[in-house]
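When the letters of the sequence shown are read in order and numbered with the working numbering, they come out as residues 2 to 195. Every residue gets a Cβ at the ideal spot worked out from N, C-alpha and C, and that includes glycine. Heads up: the structure comes next, in structure tokens.
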Amino acid sequence: MLPINYPIPDAYRLHALVLALLLACTGWILYRFGVRIAGFALGFLLGGVLGIVIPAVFERPGAQLWTVPILGVLLGWFASVLVVGLFRLLVFLAVALASFFTLSVVAGAPLTLEAFGEEPAVFLTALGVSLLLGLCGVLLQRYLIIVLTVWIGASLMQEILPHPATFPAVVALGLFVQLGFYRRLVTRAPREES
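Rendered as structure tokens:
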């Protein structure tokens, strides 16, 4: 948090307000877009490098004009899809491992495979519950990211506009918009004309 007497210039205040509202109201969209763009950029970079290296290896210097963009776009698209899948796998592993270690420590069971022979019920229960929690983490990833981005956006807004009602109002607005309740209010079934 910033100190109470920290002066914030008006231009930064406006940028922070816009950023806070964007984050609170479109955090899930920004997250999905950002992950895919990062994957595409990495794939395009790798494709560009391969587009330069492959013609150089086969001694065709004129081929670089078409291999760089084609390999860049193809590998960029593939990497953007791959990064989304890898991030889901990372979320699954993080939640499953964290819950397994937590459950094992709470149950008092050692975390080694040697303990499997000593206390198999505790070990298998902790393993099964942690795999289920990892699956739940992947399934609820969208809602977790929505809650986190709304919370961060509302916190940023609270720093800029220090009014007691700012934080709950921005949280309510962000959840309302990101969870799609506004679509249910705006879109209505078409009327049948007689």
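Are Gly-44 and Ala-97 touching if we call contact CB-CB under 8 Å?
-> The residue labelled residue 44 in the question sits at position 43 within the sequence shown. The residue labelled residue 97 in the question sits at position 96 within the sequence shown. Contact: no.
Can Leu-76 and Leu-31 be called in contact, C-beta distance under 8 Å?
-> The residue labelled residue 76 in the question sits at position 75 within the sequence shown. The residue labelled residue 31 in the question sits at position 30 within the sequence shown. No; because the gap between Cβ atoms is not below 8 Å, this pair is not in contact.
Return the chain-ordered list of same chain residues with a C-beta closer than 6 Å to the C-beta of Arg-37, the five sequence neighbours on each side being excluded.
-> In the sequence shown, counting from the first residue as 1, residue 37 sits at position 36. Correct list, in chain order: Ser-81.
At least three beta-carbon pairs within less than 8 Å, the segment 90-105 to the segment 127-144 = yes
Terminal residues of the alpha helix (DSSP H) in which Phe-177 lies | On the sequence shown, position 176 is the one that residue 177 refers to. Per DSSP, Phe-177 belongs to the alpha helix (DSSP H) from 167-179.
Grab me the residues of Val-151's own chain with a C-beta within less than 7 Å of its C-beta, minus the 5 sequence neighbours each way, in chain order.
-> For the purposes of this step, residue 151 is identified with residue 150 of the sequence shown, where counting begins at 1. Closer than 7 Å at the Cβ level, and outside the excluded window around Val-151, lie Ala-25, Gly-28, Val-172, Gly-175, Leu-176 and Gln-179.
Cβ separation of Ala-17 and Gly-154, assumed to be a contact under 8 Å, to the nearest whole Å = As a working note, residue 17 is residue 16 in the sequence shown. As a working note, residue 154 is residue 153 in the sequence shown. Not a contact, Cβ separation roughly 10 Å.
By a C-beta neighbour count over all protein chains shown, 10 Å radius and 16 as the cutoff for buried, is Trp-107 buried or exposed?
-> The residue labelled residue 107 in the question sits at position 106 within the sequence shown. Checking the sequence, you will find Val at residue 107 rather than Trp. Its Cβ having fewer than 16 others within 10 Å, Val-107 is exposed.
Which term fits Val-58, buried or exposed, when burial requires 16 or more other beta carbons within 10 angstroms of its beta carbon?
-> Here residue 58 is taken as the residue at index 57 of the sequence shown, counted from 1. By the 10 Å Cβ count, Val-58 comes out exposed.
Inspect the beta-carbon positions of Val-69 and Gly-40 and report whether they are closer than 8 Å.
-> Residue 69 sits at position 68 when you count from the first residue of the sequence shown. Residue 40 sits at position 39 when you count from the first residue of the sequence shown. Contact flag unset, no.
If we ignore side chains and look at the alpha-carbon of each, how far apart do Trp-67 and Leu-87 end up?
-> Your numbering for residue 67 matches position 66 in the sequence shown. Your numbering for residue 87 matches position 86 in the sequence shown. Between Trp-67 and Leu-87, the C-alpha separation is close to 30 Å.
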